[in-house]
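A.B. asks: With the sequence shown counted from 1, adding 33 to any position gets you my numbering.
The beta carbon of each residue, even a glycine, is placed where N, CA and C say it ideally should be.
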Amino acid sequence: MSTPESRHPAHEDLRERWTRTLLAVRRPDVSPGDAPSPYAYADDLLARWAEPHRRYHTTDHLVAVLDRVGLLSAHCTGPDTVAAATLAAWFHDAVYLPERSTNEERSARLAERALPEAGVPTALAAEVARLVRLTATHDPAPGDTAGEVLCDADLAVLAGTPQEYAAYAAAVREEYAFVPDDAFRAGRADVLRRLLDLPALFRTPYGRDHWEHRARRNLAAELELPAS
Numbered sequence: 034m035s036t037p038e039s040r041h042p043a044h045e046d047l048r049e050r051w052t053r054t055l056l057a058v059r060r061p062d063v064s065p066g067d068a069p070s071p072y073a074y075a076d077d078l079l080a081r082w083a084e085p086h087r088r089y090h091t092t093d094h095l096v097a098v099l100d101r102v103g104l105l106s107a108h109c110t111g112p113d114t115v116a117a118a119t120l121a122a123w124f125h126d127a128v129y130l131p132e133r134s135t136n137e138e139r140s141a142r143l144a145e146r147a148l149p150e151a152g153v154p155t156a157l158a159a160e161v162a163r164l165v166r167l168t169a170t171h172d173p174a175p176g177d178t179a180g181e182v183l184c185d186a187d188l189a190v191l192a193g194t195p196q197e198y199a200a201y202a203a204a205v206r207e208e209y210a211f212v213p214d215d216a217f218r219a220g221r222a223d224v225l226r227r228l229l230d231l232p233a234l235f236r237t238p239y240g241r242d243h244w245e246h247r248a249r250r251n252l253a254a255e256l257e258l259p260a261s
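Below is the structure:
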């Protein structure tokens, strides 16, 4: 369990952000006196994001994705869509073990369990889970505005400066430190090529205008790095 000294600097702000989002979408029949405390769910999620084995999929990543969802929220088709994308940002890497390929599915199932218990309508919980599963491919259907916002927010790290991108790539490598170099390079190259093969990395107008070119440049540059 984290202590006040070890908590992320944004810990308290994140608890309040979570609570505002949750209370805004709770079912009207949920009595505040009977419902579980929103803070209990915030603390559970934040503990997950702060797990010591994480190097890239950390609280910093959560903050970045939440901020970008806010930046892109005008692309959504209404407040319910914004809420779904925001809640999905909280859950999209809530379960993260680098040695497993089922993280998105397990994170989605966590959302399916936790959100109805917290008072979120079943339909919205199902939509959040769908969005979490979508981050396995980052390939939302045209017109899926919540999916486009979430996926763009998640992939925006690819469009950093060369130094920022290098730090991201190094953190990913640290998470997979248990994988031998040759196997990691082959697997990483497959991921890079899959992303580059997408017709568009970013689906929102902002993402296309501000992130697409830089992200493709960074991905191509990493793919061309010589083996060390």
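Is the beta carbon of residue 201 sitting closer than 8 Å to the one on residue 105?
C.D. replies: Not in contact: residue 201 and residue 105 (Cβ atoms no closer than 8 Å).
A.B. asks: Beta-carbon within less than 6 Å of residue 160's beta-carbon, same chain only, minus the 5 sequence neighbours each way: which residues are those?
C.D. replies: Hits under 6 Å: 117.
A.B. asks: Among residues of its own chain, excluding the 5 on either side of residue 43, which ones have a beta-carbon nearer than 8 Å to its beta-carbon?
C.D. replies: Once the five neighbours on either side are set aside, the close Cβ partners of residue 43 are 92 and 96.
A.B. asks: What are the uninterrupted segments assigned as beta strand (DSSP E) that are 3 or more residues long and contained completely in the region 231-258, given in chain order?
C.D. replies: Fully enclosed beta strand (DSSP E) runs of 3 or longer: not present.
A.B. asks: Please list, in chain order, all residues of the same chain as residue 149 whose beta carbon is under 8 Å from its beta carbon, the five residues on each side excluded.
C.D. replies: Taken in chain order, the residues that qualify are 155 and 158.
A.B. asks: Could you tell me whether the Cβ atoms of residue 78 and residue 127 are closer together than 8 Å?
C.D. replies: Yes. Within cutoff.
A.B. asks: Quick test of your reading: residue 171 and residue 143, contact by CB under 8 Å. State the CB separation rounded to the nearest angstrom.
C.D. replies: That belief does not hold up - the Cβ atoms of residue 171 and residue 143 are roughly 20 Å apart, past 8 Å.
A.B. asks: Report the CB separation of residue 258 from residue 229 in whole angstroms; it is logged as a contact under 8 Å.
C.D. replies: Actually they do not touch by this definition, with Cβ atoms about 14 Å apart.
A.B. asks: Use the C-beta contact count for residue 130: other C-beta atoms within 10 angstroms, 16 or more gives buried, fewer gives exposed.
C.D. replies: Residue 130 is exposed by the Cβ-count criterion.
A.B. asks: Kindly give me the distance between the Cβ atoms of residue 182 and residue 102, rounded to whole angstroms, as I take these residues to be in contact under 8 Å.
C.D. replies: Correct: roughly 6 Å between the Cβ atoms.
A.B. asks: State the Cα-Cα distance for the pair residue 260 and residue 223, rounded to the nearest angstrom.
C.D. replies: Taking the straight line from one Cα to the other gives about 15 Å.
A.B. asks: Under three-state DSSP, which class holds residue 201?
C.D. replies: Residue state, collapsed to three classes: helix.
A.B. asks: Does the beta-carbon distance from residue 173 to residue 236 come in below 8 Å?
C.D. replies: Yes, these two residues count as a Cβ contact at 8 Å.
A.B. asks: Check each candidate in 47, 58, 53 and 88 and name the one with the smallest Cα separation from residue 206.
C.D. replies: Residue 206 has its Cα closest to that of 88, out of 47, 58, 53 and 88.
A.B. asks: Could you work out which residue in 177, 109, 184 and 115 is closest to residue 137 when comparing CA atoms only?
C.D. replies: Ranking the options by Cα distance to residue 137, first place goes to 184.
A.B. asks: Please determine, among 196, 109, 119 and 180, the residue with the shortest C-alpha to C-alpha distance to residue 100.
C.D. replies: It is 119 whose Cα lies nearest to the Cα of residue 100.
A.B. asks: With a cut-off of 8 Å on the beta carbons, I'd call residue 41 and residue 75 a contact; round off their distance for me.
C.D. replies: That belief does not hold up - the Cβ atoms of residue 41 and residue 75 are roughly 12 Å apart, past 8 Å.
A.B. asks: So residue 114 and residue 179 are supposed to be a Cβ contact under 8 Å. How far apart are they, rounded?
C.D. replies: Indeed, because the Cβ distance is near 5 Å, the residues count as touching under 8 Å.
A.B. asks: Exposed or buried, what is residue 81 when buried is set at 16 or more other beta-carbons lying within 10 Å of its beta-carbon?
C.D. replies: Looking at its Cβ environment, which holds 16 or more other Cβ atoms inside 10 Å, residue 81 is buried.
A.B. asks: How is the alpha helix (DSSP H) around residue 74 delimited, first residue to last?
C.D. replies: From DSSP, the alpha helix (DSSP H) with residue 74 extends over 71-82.
A.B. asks: Determine the burial state of residue 72: buried for a count of at least 16 other Cβ atoms within 10 Å of its Cβ, exposed for fewer.
C.D. replies: Residue 72 should be labelled exposed.
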